[in-house]
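*Asks:* Okay, here's the structure, questions in a sec.
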Amino acid sequence: MRVDKHSPIVSGLDRQAPKRSLVTVADAAQQTQSERGAAVGSAQGRKSAGFGLQLNQQLTTMQSASSYLAQLSATLVPLKLSLSRELGNARMQDREGVGAQLGELRSLLEQRSARSAGSLDGQLNLHLNEPVRVRFSLPGLESLQTFQQAGRESLLFSIGRSSQEPVAVVLDEGLSEEQILRRFNVGLAPAGIRSELTTDGALVFSAREADWQTLREHLRVKGEGALFAAQRFTELKPVESQLLQPQALETLEEPREVRRMLDTVVKALDHIQELGEQLRQRQDEIRSFLARQLGDDEHRWAGDYVTAVYNLMRKSSSSYASVSDTLVAQATISRFTVISLLS
5 MRVDKHSPIV SGLDRQAPKR SLVTVADAAQ QTQSERGAAV GSAQGRKSAG FGLQLNQQLT
65 TMQSASSYLA QLSATLVPLK LSLSRELGNA RMQDREGVGA QLGELRSLLE QRSARSAGSL
125 DGQLNLHLNE PVRVRFSLPG LESLQTFQQA GRESLLFSIG RSSQEPVAVV LDEGLSEEQI
185 LRRFNVGLAP AGIRSELTTD GALVFSAREA DWQTLREHLR VKGEGALFAA QRFTELKPVE
245 SQLLQPQALE TLEEPREVRR MLDTVVKALD HIQELGEQLR QRQDEIRSFL ARQLGDDEHR
305 WAGDYVTAVY NLMRKSSSSY ASVSDTLVAQ ATISRFTVIS LLS
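Following our numbering, the numbering of the sequence shown begins with 5 at its first residue and continues without gaps.
Structure, rendered in structure tokens:
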């Protein structure tokens, strides 16, 4: 009888156990889902923050480039006016004034890399995602027809100090212009030098601006007698290609030289104006995107914060007093306070 009396009690406990088990599983599943959502949101936040940082860096670089271009334009405008006045004169009248303007321009061009945060090359083209490169020509290597006429010859280039290994470019008879260009690109690639053809069909080279100083002072070539001497290395003097190359004052004595310099200044001003407009448009696009991204981050942060408070309340003892205290406390805490405390 005693067993029979206790049987309903045992049965009652067994019937309640599954309910508690289901509630526990549901709580665990909900908690796991919340934590998983928080983890995904955190990963998205980190990705968004990294992308925003990259855009902010680009924005800062473009601001430096815009500032440099504005100062360069402010230097070129008075030089343009001075050169225009000198066109009608048989000899230059304001030598001192033009000389001072050319000196200021030359000094500003020498500061191009530092003042533009390394984003503008010698042609005043913008580079945001790759290092700036210097374009140059090499005496004796300007024309592809010269290589085609020379036939087979191996060119050995010594770049930098004598301890560095030379690189070779092997030319054969009957090569097309594209094949010659490919031979130079493959052969000079270990030295970081690229080759290309201009619209006029001339062969030009390029190298990273960081390597330009060494390249300019230590570049030699040895051939097999047709293009270059075979017995010794011939020193090459690279000629840098720049949009603006301030001429010495002595070369501006002739009206045609003044006209040539004036045309260069006008061309540079047009290029600066066009690039400046592109930079302003791009900066506006980035600022607009960052503003929208900041709004999205605020909403995401608020959601994560509420979820964290909710999970904390669920894990703690549930009483009206504790819930009330939690709500009052979190309502008076600003985002910046939370970030400062958690940093």
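Backbone N, C-alpha and C fix where the C-beta goes; we use that ideal spot for every residue, glycine too.
Find out if the Cβ-Cβ distance for the pair V136, E213 is shorter than 7 Å.
*Replies:* In this structure, E213 lies closer than 7 Å to V136 by Cβ.
*Asks:* If you count every other CB in all the chains shown that lies within 10 Å of the CB of V262, and 16 or more means buried, which is it?
*Replies:* By the neighbour-count rule (16 or more Cβ atoms within 10 Å), V262 is buried.
*Asks:* Rounded to whole angstroms, what's the CA-CA distance from E254 to Q58? Just pull it up for me.
*Replies:* In a straight line, the C-alpha of E254 is about 47 Å away from that of Q58.
*Asks:* Excluding the 5 residues flanking L83 on each side, which residues of the same chain have their C-beta closer than 8 Å to its C-beta?
*Replies:* V102, Q105, L106, L109, V269, listed in sequence order.
*Asks:* How would you label L364, buried or exposed, when you count the other beta carbons within 10 angstroms and need 16 or more for buried?
*Replies:* With the chain covering only 5 through 347, there is no way to say anything about residue 364.
*Asks:* Reducing DSSP to helix, strand and coil, say where F140 ends up.
*Replies:* If DSSP states are grouped into helix, strand and coil, F140 belongs with the strands.
*Asks:* Using C-beta distances below 6 Å, list every residue in its chain close to I197, excluding the 5 sequence neighbours before and after it, in chain order.
*Replies:* For I197, where only same-chain residues beyond five positions count, the Cβ hits under 6 Å are F209, A211.
*Asks:* Could you check what DSSP says for L124 in three-state terms: helix, strand or coil?
*Replies:* Reduced to three states, the DSSP call for L124 is strand.
*Asks:* Quick one: residues in its chain with C-beta nearer than 6 Å to the C-beta of S162, no 5 flanking neighbours on either side, listed in chain order?
*Replies:* So the qualifying residues of the chain are P170, R224, F237.
*Asks:* Checking the sheet assignment: what are the DSSP bridge partners for K377?
*Replies:* With the chain covering only 5 through 347, there is no way to say anything about residue 377.
*Asks:* Determine the closest residue to H131 out of A69, Q285, S199, E289, with distance taken between C-alpha atoms.
*Replies:* Of the listed residues, the one whose Cα sits closest to H131 is A69.
*Asks:* At what residues does the alpha helix (DSSP H) containing F188 begin and finish?
*Replies:* Counting along the chain, the alpha helix (DSSP H) containing F188 begins and ends at 181-192.
*Asks:* Any idea if L426 is buried or exposed, counting beta-carbon neighbours within 10 angstroms, 16 or more meaning buried?
*Replies:* Nothing in the structure corresponds to residue 426, since the chain is present only between 5 and 347.
*Asks:* Taking DSSP as the reference, what is the three-state secondary structure of E258?
*Replies:* Note: E258 maps to coil in three-state DSSP.
*Asks:* With a Cβ-Cβ cutoff of 7 Å, do R139 and S245 count as a contact?
*Replies:* Yes, Cβ-Cβ distance for R139 and S245 is below 7 Å.
*Asks:* For a quick check, are the C-beta atoms of L87 and L273 less than 7 Å apart?
*Replies:* Against a cut-off of 7 Å, the Cβ pair of L273 and L87 comes out as no contact.
*Asks:* Which two residues bound the contiguous alpha helix (DSSP H) that contains E100?
*Replies:* 99-114 is the span of the alpha helix (DSSP H), which, as asked, contains E100.
*Asks:* Do A172 and G191 have their beta-carbon atoms positioned less than 7 Å apart in this structure?
*Replies:* Yes; because the gap between Cβ atoms is below 7 Å, this pair is in contact.
*Asks:* Only counting the same chain, and skipping five residues up and downstream in sequence, which positions put a Cβ closer than 7 Å to that of F188?
*Replies:* The residues are V173, S199.
*Asks:* Please report the distance separating the alpha-carbon of A154 from that of S147.
*Replies:* Their Cα atoms are separated by approximately 11 Å.
*Asks:* Less than 8 Å between C-beta atoms, sequence neighbours within five positions excluded: which residues of the same chain meet that for L377?
*Replies:* Residue numbering for the chain in the displayed model covers 5 to 347; residue 377 lies beyond these limits and cannot be assessed.
*Asks:* Sort T311, G227, K241, L279 by Cα distance to L76 and report the nearest one.
*Replies:* The candidate whose alpha carbon is nearest that of L76 is L279.
*Asks:* Mind reading off the beta-carbon distance from L63 to I276? Whole number of angstroms is fine, and I expect it under 8 Å.
*Replies:* 20 Å between Cβ atoms; not a contact.
*Asks:* Exposed or buried, which one is L85 when buried takes at least 16 other CB atoms within 10 Å?
*Replies:* Its Cβ having fewer than 16 others within 10 Å, L85 is exposed.
*Asks:* Could you pull the DSSP bridge partners for T238 from this structure?
*Replies:* Answer by DSSP bridge pairing, in chain order: V225.
*Asks:* Give a yes or no on whether the C-beta atoms belonging to A121 and T65 are separated by under 7 Å.
*Replies:* Against a cut-off of 7 Å, the Cβ pair of T65 and A121 comes out as a contact.
*Asks:* Whose C-alpha, out of E289, Q297, L247, R95, is nearest the C-alpha of N129?
*Replies:* For the residues E289, Q297, L247, R95, the minimum Cα distance to N129 belongs to L247.
*Asks:* Which of helix, strand or coil does DSSP assign to F209?
*Replies:* In the structure shown, F209 sits in a strand (DSSP, three-state: E or B).
*Asks:* What residue does the alpha helix (DSSP H) around L148 start on, and which one ends it?
*Replies:* 148-154 is the extent of the alpha helix (DSSP H) around L148.
*Asks:* Just to confirm the assignment, what range does the beta strand (DSSP E) spanning E200 have?
*Replies:* That run of the beta strand (DSSP E) goes 198-201.
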